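>
In my numbering, the protein residues as written are 823 to 1135.
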């Protein structure tokens, strides 16, 4: 293979590699850093010795991600109680393939959060097999383990994911939007019982406090969640000052799940995402820390892909 084909091969694989890195790390910013490191390694490699560029690049990206996941700094950040996956707006190429249920599920915020329960190697094996359909022989070569070890890691990962995963299956787009619109109407009505009726019995809510608190805020009962949502969705001058003005509220897909965006002068100030199960809301996430919504906001500026629900909040 000649040296001149290097950039072409790398660019041809960029979207797939970046989507793998994002699934492994749960952070688009970290995935971009990994892609830069991988490109530098590709540029420095003797590419005449690389028989299958796609496999070589996948191995490099996977192992760079594992190095990050094993680093002391990342472990401290993720155990400090303030970590959430970075949300991505529909249309972001880093979301990657969506042809199968496994591919769509692997990029959901729920699954990215579940990945934290797995060891780095279990996470890599699970995603390479379930979302990218690599064989155990290929995975073993990428990770420097045996095929039997790859199979064992997959078995353990599947068991942990299955035990923690919420049931309910995929929700059709029309039903998802209807549930979110009912949630908005209930939040603005001031009637807690309407919100409670939309939540599963074991619903949870998580907020990053717009980045103003050191840890995530968590709420665990439907009554408590309804009260917090009702208070949180009540517009006040203080909230508008914090957001930078009055917001439009848009319905959108974030990580291929229903969400609402709060948009001020074409700038996304925050996002609320929903996990649905059996026609109800199982998880509500409020994400508004500027660093956490930066990429989503940039995608919105380039290509807004939502539907206006409320012109002024």
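Beta carbons: idealized from backbone N, C-alpha and C, even for Gly.
These numbers come from a predicted model, not from an experiment.
1. With three or more C-beta pairs closer than 8 angstroms as the rule, is the segment 830 to 846 touching the segment 871 to 885?
2. Name the residue from 979, 996, 905, 1086 whose alpha carbon lies nearest to the alpha carbon of residue 1134.
3. Please give the ranges of any beta strand (DSSP E) in the segment 1044 to 1099, keeping only runs that are unbroken, at least 3 residues long and fully inside the region.
4. Report, in whole angstroms, the separation of the C-beta atoms of residue 961 and residue 947, which I expect to be a contact under 8 angstroms.
5. Among all the DSSP beta bridges, which residues are the ones paired with residue 1130?
6. Please work out which residues of its chain come closer than 8 angstroms, Cβ to Cβ, to residue 1103, disregarding the five sequence neighbours upstream and downstream, and give them in chain order.
7. If you drop the 5 nearest sequence neighbours on each side, which residues of the same chain put their C-beta closer than 8 angstroms to that of residue 1077?
8. Do residue 1009 and residue 1052 have their CB atoms nearer than 8 angstroms?
9. Does residue 884 have its Cβ less than 8 angstroms from a Cβ in chain C?
10. CA-CA distance, residue 862 and residue 1044?
11. Would a C-beta distance cut-off of 8 angstroms place residue 1068 and residue 1091 closer than the cut-off?
12. Check the DSSP bridge columns for residue 898 and list the partner residues they point to.
13. Which residues bound the beta strand (DSSP E) around residue 872?
14. When you compare only the Cα positions, how much space is there between residue 1101 and residue 992?
15. Would you mind stating whether residue 915 and residue 837 have Cβ atoms separated by less than 8 angstroms?
16. Sort 954, 869, 833 by Cα distance to residue 857 and report the nearest one.
17. According to DSSP, what are the bridge partners of residue 1041?
18. Let me make sure I understand the geometry here. Which of 949, 1082, 1126, 1120 has the alpha-carbon closest to that of residue 851?
19. Quickly, what does DSSP pair residue 1106 with across the bridge? List them, please.
20. Take residue 1075 and list the residues in its own chain whose beta-carbon comes closer than 7 angstroms to its own, dropping the five residues that flank it on each side.
21. State the Cα-Cα distance for the pair residue 1042 and residue 1123, rounded to the nearest angstrom.
22. Count the other C-beta atoms from every protein chain shown that fall within 10 angstroms of the C-beta of residue 966, then say buried if there are 16 or more, exposed otherwise.
23. Let's see if you can read the secondary structure: which residues bound the alpha helix (DSSP H) around residue 864?
24. Based on DSSP bridge pairs, tell me the residues matched to residue 911.
25. Checking the sheet assignment: what are the DSSP bridge partners for residue 1021?
26. Put residue 1005 into one of helix, strand or coil per three-state DSSP.
27. Just to confirm, is the Cβ distance from residue 846 to residue 940 under 8 angstroms?
So, from the listed chains and residues:
1. Touching, yes.
2. When only C-alpha atoms are compared, the closest one is 1086.
3. Unbroken beta strand (DSSP E) stretches of 3 residues or longer found wholly inside the segment 1044 to 1099: 1070 to 1076, 1079 to 1086, 1089 to 1099, given in chain order.
4. Correct: roughly 6 angstroms between the Cβ atoms.
5. 1072.
6. Taken in chain order, the residues that qualify are 1001, 1005, 1020, 1021, 1022, 1025, 1096, 1097.
7. Closer than 8 angstroms at Cβ, skipping near neighbours: 907, 909, 910, 917, 929, 930, 931, 934, 1095.
8. Yes, Cβ-Cβ distance for residue 1009 and residue 1052 is below 8 angstroms.
9. Among the chains in the structure shown there is no chain C, since it carries only a single protein chain.
10. Looking at the two C-alpha atoms, the distance is approximately 49 angstroms.
11. No, the Cβ-Cβ distance between residue 1068 and residue 1091 is not below 8 angstroms.
12. When beta bridges are read from the DSSP output, residue 898 appears opposite no residue.
13. From DSSP, residue 872 is part of no beta strand (DSSP E); its letter is neither H nor E.
14. Roughly 10 angstroms separates the two Cα atoms.
15. Residue 915 places its beta carbon less than 8 angstroms from that of residue 837.
16. 833 is the residue among 954, 869, 833 whose C-alpha sits nearest the C-alpha of residue 857.
17. Bridge partners of residue 1041: 1027.
18. Minimum Cα distance to residue 851 is reached at 1120.
19. 1027, 1096, per the DSSP bridge assignment.
20. Closer than 7 angstroms at Cβ, skipping near neighbours: 912, 1081.
21. Those two C-alpha atoms are separated by around 34 angstroms.
22. Counting the other Cβ atoms within 10 Å of the Cβ of residue 966 gives fewer than 16, which makes it exposed.
23. 850 to 866 is the extent of the alpha helix (DSSP H) around residue 864.
24. According to DSSP, residue 911 bridges with 1076.
25. Its beta-bridge partners are 1103.
26. In the three-state reduction of the DSSP assignment, residue 1005 falls in the helix class, which pools H, G and I.
27. No, the Cβ-Cβ distance between residue 846 and residue 940 is not below 8 angstroms.
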